[in-house]
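Asks:
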Amino acid sequence: MLIFWQQRLVLLATPKTGSTALSVALEPLAAIAVQRPPALKHTTAQRFRRFLAPYLETASGERFDVVALMREPLDWLGSWYRFRQRDDIAGSANSTEGLSFDAFAGAYMSRPQPAYAQLGAQARFLSLADGSLGVDKLFCYEDIGRFVSFLEERLDFEIVLPRVNVSPKGVTTLSAPLRTRLQMHLAEDLALYQRVKAGETA
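Start counting the sequence shown at 898; every next residue gets the next number (our numbering).
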């Protein structure tokens, strides 16, 4: 999460949407840059609105705009799968080593979820308790150039994103039946993503 005081802007770090690269590029401009622990770095819209927004607004006397990125939901899940195949976590409870993407997707939809499939969901991350969207502007990760242009204009700063925290390559094809199940499971995320693509949230 990055807070830009003078510009009255907050960037929420939706997991697996380039948040680390954005933090590296923009930290020098931010009044507050929360990099760790992950629970704080990836503060949800609900927690921000409940705990941090009132403090910032009281301290500044103004409202802060909140922005974030969202990734195509199946691609987002594939990125998590590949990220947890890293050699440095092999053998841990969070590792997907030796698992097919079908098996990983099935575990994500199971209850209870194994540790490696406990990922939450983007729609929940970005929404408030009543189900409404908790950010003012939401952009597609797949069109990150548009988001960068927005930030460059708002921050008056040229942004060059580094390649950091990139997931390793891996096969993320799904069998047809599992893809159908997953699309149903992620229906809320997919509906929100279509709104983002249509420009209804920015």
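Note that the Cβ used here is the ideal one computed from N, Cα and C, for glycine as well.
Here the structure is a predicted model, which means the values were calculated and not measured.
What does the alpha-carbon distance come out to for the pair residue 1024 and residue 1033?
Replies: Position 127 of the sequence shown holds residue 1024. Position 136 of the sequence shown holds residue 1033. For residue 1024 and residue 1033, the distance between alpha carbons rounds to 11 Å.
Asks: Note down, in chain order, each residue of its chain lying with its Cβ closer than 7 Å to the Cβ of residue 972, except the 5 sequence neighbours on either side.
Replies: Walking along the sequence shown from the start, residue 972 turns up at place 75. None.
Asks: By alpha-carbon positions, which one of 977, 1035, 950 ends up nearest to residue 960?
Replies: Locating residue 960 in the sequence shown gives position 63, counting from the first residue. Considering only alpha carbons, the answer is 950.
Asks: Among the residues of its own chain, which have a CB less than 8 Å from the CB of residue 1083, if the five just before and after it don't count?
Replies: Numbered from 1 along the sequence shown, position 186 holds the residue referred to as residue 1083. Answer for residue 1083: 970, 971, 974, 1018, listed in chain order.
Asks: By Cβ distance below 8 Å, which residues in the same chain neighbour residue 887 in space, the five residues on each side in sequence not counted?
Replies: Within the shown structure, residues of the chain are numbered from 898 to 1099, placing residue 887 beyond reach of any answer.
Asks: Which whole-angstrom value describes the C-beta separation of residue 1005 and residue 1012, a residue pair presumed to lie in contact below a C-beta threshold of 8 Å?
Replies: Residue mapping note: residue 1005 aligns to position 108 of the sequence shown, counting from 1. Residue mapping note: residue 1012 aligns to position 115 of the sequence shown, counting from 1. Incorrect: roughly 12 Å between the Cβ atoms, too far for contact.
Asks: Inspect the CB distances between the region 1055-1065 and the region 941-948 and report whether three or more fall short of 8 Å.
Replies: No: fewer than three Cβ pairs fall under 8 Å.
Asks: By the 10 Å Cβ neighbour count, where 16 or more other Cβ atoms means buried, how is residue 979 classified, buried or exposed?
Replies: Taking the sequence shown and counting its residues from 1, one reaches residue 979 at position 82. It counts as buried.
Asks: Beta strand (DSSP E) containing residue 965: first to last residue?
Replies: Here residue 965 refers to the residue found at position 68 of the sequence shown. That run of the beta strand (DSSP E) goes 962-967.
Asks: Count the C-beta pairs between the region 989-1003 and the region 1091-1099 that are closer than 8 Å, then say yes if the count reaches three, no if not.
Replies: Touching, no, given that fewer than three Cβ pairs across the two stretches are closer than 8 Å.
Asks: Between residue 939 and the rest of its own chain, which residues show a CB-CB distance below 6 Å, the 5 nearest in sequence each way excluded?
Replies: Position 42 of the sequence shown, counted from the first residue, corresponds to residue 939. Once the five neighbours on either side are set aside, the close Cβ partners of residue 939 are 910, 912.
Asks: DSSP state of residue 1025, grouped into three classes?
Replies: Mapped onto the sequence shown, residue 1025 falls at position 128. Residue state, collapsed to three classes: coil.
Asks: On the criterion of 16 or more Cβ atoms from any shown chain inside 10 Å, does residue 1091 qualify as buried, or is it exposed?
Replies: As a first step, residue 1091 must be located in the sequence shown, where it is residue number 194. Residue 1091 should be labelled exposed.
Asks: Drop a sphere of 10 angstroms on the beta-carbon of residue 1081, count the other beta-carbons inside from all chains shown, and report buried for 16 or more, exposed for fewer.
Replies: Sequence index remark: in the sequence shown, residue 1081 carries index 184 (1-based). Exposed, because fewer than 16 other Cβ atoms sit within 10 Å of the Cβ of residue 1081.
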